[in-house]
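Take 2 as the starting number for the sequence shown in my numbering and just add one per residue. In this text, a Cβ means the ideal position worked out from N, Cα and C, and glycines have one as well.
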Amino acid sequence: MATSPNHSPALEKFFSAGTRLAFSKGEYIIRPEEDPSGVFYIETGFVKAISTTKYGEENILVIRRSGEVFPLIWVVTGDNRNVGYVAHTDCRVLRRSHAELEAAMNNDTQLMRAILVVTTTMYQSQAERVSSLVYRTVRERIAYFLRTLVRRFGVECPEGIMIDAPLTRQDIASSLSATRETVSREFSYLQRKGIVKQINGKIVVIDLEALESIL
């Protein structure tokens, strides 16, 4: 179900020679106002890319998991978009310099292909985020967001499809620029309808067809 390009041998080989760093949940890896200290490969855990509104509220742009690389815009263009990267869970990352990655890609077609795959996946995630803006109600936006998460993190389980990523209702609210109260109310509606449930802190989509019918 999930389609992440996780654990590419080429990426693992390149980053294995890098510096291993550990971050606790909530700790900044790259601050929005800072130039990145290198290119990071997530060895374990989850990392979220965030922006901050003028009101000081966190807006989650994307959640990355083990096997993925960041910051991809900077990797490809050298441009820092003033986006921060925060440990969404306790995590370990491997860091190499931008120059090292650029030189390696020039000599390793497998590494170049792996970077292209993760970059394409990132752009697909951003395109889906933009597409969600056509939906006016929070219920529709939640349904679309959950469907996107199913494609990205979905794992089949006896109850349905489990979204194998740590997500609170506040995380969903921050991803959709909605209030936690509104998200909680709409999520409760989906639970009452038997469309979703939570098991051990993970969201499980019980009826994907019913979820998609909201859109």
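The bridge partners DSSP lists for Phe47 are Arg66.
Taking each of Asn60, Thr110 and Leu73 in turn and checking the Cα distance to Pro10, the smallest one comes out for Thr110. Contact annotation: the segment 95 to 109 does not touch the segment 45 to 52, with fewer than three C-beta pairs closer than 8 Å. In this model, Asn60 and Leu102 are separated by some 29 Å (Cα to Cα). Comparing alpha-carbon positions, the option among Ser185, Glu213, Ile164 and His89 lying closest to Ser133 turns out to be Glu213. When the beta-carbon positions are compared, Val76 and Val70 come within less than 8 Å of each other.
At the C-beta level, Val94 and Tyr29 stay beyond 8 Å of one another. The bridge partners DSSP lists for Lys203 are Ile200.
Between the segment 114 to 132 and the segment 79 to 92, the count of C-beta pairs closer than 8 Å stays below three; the two stretches do not touch. In the structure shown, the three-state DSSP call for Ile162 is strand.
In the DSSP annotation of this structure, the continuous segment of the alpha helix (DSSP H) that includes Leu12 starts and ends at Pro10 to Phe16. Residue Ala179 holds the alpha-carbon nearest to the alpha-carbon of Thr138 among Ala179, Asp208, Gly155 and Val48.
In this structure, the straight-line span from the alpha carbon of Thr169 to that of Glu157 is close to 20 Å. Taking one beta carbon from each stretch, the segment 195 to 215 and the segment 137 to 152 have 3 or more pairs nearer than 8 Å; the two touch. DSSP, read as helix, strand or coil, puts Ile31 in strand. Nearest C-alpha to Leu12 among Ile31, Arg97 and Ile74: Arg97.
Straight through space, the alpha carbons of Ala104 and Arg153 are spaced by roughly 30 Å.
In this structure, the CA atom of Gln171 is about 5 Å from the CA atom of Arg181.
Every unbroken stretch of the beta strand (DSSP E) spanning 3 or more residues and falling wholly within the segment 123 to 179 is given here in chain order: 155 to 158 and 161 to 164.
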